[in-house]
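In what follows, a single structure is set out as structure tokens and then discussed.
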Amino acid sequence: MLATLTTTVGTIVLGATEAGAESGSEELNPLVKPSPGLMIWVLLVFVVSLLVLKKYAWPQITAVIDKRQRAIEERIEASEKAQAEAQALADEYREQLTAARAESEEIVNRARRSGEQVEREAVEQGRKTREDLLEQARRDIEAETRRAVDELRNEVAALTVEATAKVTRKSLTADDQQRLLDEALGEIDFSKLSGQGSR
Amino acid sequence: MKLRHRALMAATPFVGLLAAPGLASAAEEFKPDEEFDISEPLIGPHLELFGIDFSLNKAVLYVILAGILTVLTLVLIARRMQARPNGRAQTVVEWAFEFVDSTIVKDNIDDRKTARFWFPFIATLFFFIWISNIIGYVPLPTNTHHTFNVLGADIPSFALYAATANISMPLILALVVWVSYNVVGIRRKGLVGYVKGLVPSGLPWWILPLMYPIEILSHFVRLISLSLRLYANILAGHLLILFMGGGLVVLLQPGLVGAGILGIATAAVGIVFFLFELTLVAVLQAFIFSTLTAIYIGGAVAEEH
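If you read the protein sequences in the order shown, they are chains A and B.
The first sequence begins at 51 in the working numbering and counts up one residue at a time.
The second sequence begins at 24 in the working numbering and counts up one residue at a time.
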């Protein structure tokens with residue numbers, strides 16, 4: 051049984067065919083004997099296939115694959131560009147934000163400074179107004195005092211003239227009267243009255 | 024969803040027919056190498072021209088089918104492609120396209136102009152080999168040694184086959200690559216410059232007679248390694264699937280109960296190998312073949328060896 055197998059396998063692999071041995075010829079096993087007709091057929095089929103594929107298959111497949119590759123490259127480039135643009139935009143915004151923050155700080159500072167100035171000016175103004183008012187009041191008081199003194203003097207003079215006339219039963223002439231009066235009043239010191247207001 | 028339904032409906036007859044050849048031919052003698060025999064044309068008569076057999080055998084039909092599927096898939100998807108991805112097919116093709124463009128071509132060919140020039144060649148190689156490998160795992164009616172009768176017509180049994188599991192296809196592709204990179208190297212550097220570039224510069228003169236035979240031999244070995252790697256990997260995968268998927272049971276004939284146990288066990292292993300080959304090896308071998316192509320072209324035009 052095993053001998054049969056060994057013989058058969060040996061026959062095929064080693065190439066000494068039973069058929070060849072029977073006919074007595076020294077022909078090779080057809081398995082390892084090149085057949086020129088088949089070789090020419092193969093050559094013909096291969097060359098025709100090569101020519102047809104070279105014209106109708108390889109360029110088309112290459113074109114599609116190249117096209118896709120280009121499309122992918124373009125998309126990658128576009129996305130890189132978009133990313134760069136976004137980065138630039140972000141940088142710009144960040145710069146603007148920094149500038150805006152500085153500006154707002156500046157504005158606040160300026161406002162504070164001007165507020166302080168206004169306050170100072172208002173205080174100054176108030177002080178001045180108060181002083182003016184005081185001055186005005188002082189001047190008014192002085193004038194009023196002077197008027198009162200004059201009025202008092204005239205009253206005293208008139209009273210004196212009346213009293214004198216009653217005592218002397220005699221009326222003085224207008225000139226005498228005035229003269230006497232001025233002398234008498236000259237002796238009276240009113241400086242105490244007016245001095246208090248005009249100090 | 025719709026696409027998946029359609030694919031399932033299309034796959035159903037294949038799944039059903041996959042079981043057919045085993046049932047039909049269990050009584051006949053099982054010869055595994057018949058699965059890879061291309062001496063009989065599958066369609067039409069023997070076509071011979073100048074002593075060369077051009078018959079439409081299953082390998083030729085697989086190659087033509089692979090060519091048509093490669094061109095149709097890529098052209099249809101290229102026509103429907105949009106800058107905005109629509110659909111999974113576009114995503115898969117774009118992934119594969121970018122993979123070929125950057126990992127296979129640009130990583131190995133430093134010169135941008137050379138890379139752009141050789142991209143269609145390397146990309147076509149990659150997709151052509153990949154799709155050839157993949158349809159190698161779809162059962163198709165290719166086994167003329169065993170037929171089954173449908174309404175009076177003899178239909179070849181469904182079987183797995185791959186054009187890449189025949190040395191001819193990897194060999195001619197490797198030959199095209201080999202000629203291409205040598206020609207591009209000579210055109211870039213001139214014959215003298217190219218021959219000089221075969222060995223590292225700055226070697227003492229007396230070592231050159233030793234180096235040249237080795238380097239030139241290594242270039243010829245590339246031809247063999249490039250083709251054999253693809254061929255042997257795909258063939259090994261198909262042999263494994265063949266033996267696991269019933270071949271072992273037929274050969275060993277372990278009796279009814281033994282056949283049941285062995286059949287189930289090997290079928291499970293076969294499914295694992297099938298998925299492994301379909302999803303990984305198919306694309307891996309295409310990747311290795313086209314990457315080596317790019318490395319050879321890149322090396323041929325590179326300034327220093």
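Note that CB positions come from ideal geometry on N, CA and C, so glycine has one too.
Opposing strand residues paired with residue i [DSSP bridges]
i, result
"residue 121 of chain A", "Bridge partners of residue 121 of chain A: none, in fact."
"residue 181 of chain B", "B:164"
"residue 154 of chain B", "Per DSSP, none; premise fails for residue 154 of chain B."
Closer than 8 Å to chain A by CB, residue i
i, result
"residue 102 of chain B", "yes"
"residue 197 of chain B", "no"
"residue 189 of chain B", "yes"
"residue 137 of chain B", "no"
"residue 97 of chain B", "yes"
"residue 45 of chain B", "With a pLDDT of 47 at residue 45 of chain B, under the threshold of 50, the modelled position of this residue cannot be trusted; read the value that follows with caution. Output row for residue 45 of chain B: interface = no."
"residue 267 of chain B", "no"
"residue 157 of chain B", "no"
"residue 238 of chain B", "no"
"residue 311 of chain B", "no"
"residue 93 of chain B", "yes"
"residue 142 of chain B", "yes"
"residue 122 of chain B", "no"
"residue 75 of chain B", "yes"
"residue 49 of chain B", "Note on residue 49 of chain B: pLDDT 45, under 50, position unreliable in the model; the coordinate value appears next. Taking Cβ atoms only, chain A never reaches closer than 8 Å to residue 49 of chain B, which makes this a no."
"residue 328 of chain B", "Only weak support exists for where residue 328 of chain B lies, its pLDDT of 48 falling under 50; the coordinates are left without a value."
Residue range of the unbroken alpha helix (DSSP H) whose run includes residue i
i, result
"residue 192 of chain B", "191-220"
"residue 107 of chain A", "Unbroken run through residue 107 of chain A: none, as it is neither H nor E."
"residue 134 of chain B", "Where residue 134 of chain B is concerned, there is no enclosing alpha helix (DSSP H), given that its DSSP letter is neither H nor E."
"residue 234 of chain B", "231-265"
"residue 313 of chain B", "305-324"
"residue 118 of chain B", "111-121"
"residue 91 of chain B", "81-103"
"residue 225 of chain B", "Here residue 225 of chain B belongs to no alpha helix (DSSP H), and DSSP marks it neither H nor E."
"residue 289 of chain B", "278-299"
"residue 236 of chain A", "224-237"
"residue 128 of chain B", "Element bounds for residue 128 of chain B: n/a, residue is neither H nor E."
"residue 82 of chain A", "Segment: none, residue 82 of chain A is in no alpha helix (DSSP H) and carries neither H nor E."
Where residue i falls, given that 16 or more other Cβ within 10 Å makes a residue buried
i, result
"residue 119 of chain A", "exposed"
"residue 75 of chain B", "exposed"
"residue 89 of chain A", "buried"
"residue 118 of chain B", "exposed"
"residue 225 of chain A", "exposed"
"residue 85 of chain A", "buried"
"residue 150 of chain A", "exposed"
"residue 328 of chain B", "Only weak support exists for where residue 328 of chain B lies, its pLDDT of 48 falling under 50; the value from the coordinates is given anyway. Result: exposed."
"residue 183 of chain A", "exposed"
"residue 82 of chain B", "buried"
"residue 2 of chain B", "Nothing about residue 2 of chain B can be read from this structure; chain B reaches only from 24 to 328."
"residue 163 of chain B", "buried"
"residue 155 of chain B", "buried"
Cross-chain neighbours of residue i in chain A, by beta carbon under 8 Å
i, result
"residue 78 of chain B", "87"
"residue 302 of chain B", "The premise fails here: residue 302 of chain B is roughly 23 Å from chain A at the closest Cβ pair, so nothing lies under 8 Å."
"residue 90 of chain B", "95, 96, 98 and 99"
"residue 146 of chain B", "103 and 108"
"residue 194 of chain B", "84 and 89"
"residue 86 of chain B", "88, 91, 92 and 95"
Any chain D beta carbon closer than 8 Å to residue i
i, result
"residue 98 of chain A", "No chain D appears in the structure shown, which is made up of the protein chains A and B."
Heavy atom of the ligand COA within 7 Å of residue i beta-carbon
i, result
"residue 129 of chain A", "The ligand COA is not part of this structure, which contains no ligands at all."
Short CB-CB distance (under 8 Å) between residue i and chain B
i, result
"residue 70 of chain A", "In this predicted model, residue 70 of chain A has a pLDDT of only 39, less than 50, meaning its place in the structure is not dependable; the value taken from the coordinates is given anyway. Not closer than 8 Å to any Cβ of chain B, the Cβ of residue 70 of chain A fails to qualify, so no."
"residue 110 of chain A", "yes"
"residue 143 of chain A", "no"
"residue 4 of chain A", "Past the boundaries of the shown model lies residue 4 of chain A; chain A is included only from 51 to 249, so the question cannot be answered."
"residue 115 of chain A", "yes"
"residue 104 of chain A", "yes"
"residue 92 of chain A", "yes"
Residue i: contacting residues in chain A (beta-carbon distance under 7 Å)
i, result
"residue 82 of chain B", "88"
"residue 151 of chain B", "96 and 99"
"residue 318 of chain B", "Those do not exist, as residue 318 of chain B stays about 20 Å from chain A at its closest Cβ, beyond 7 Å."
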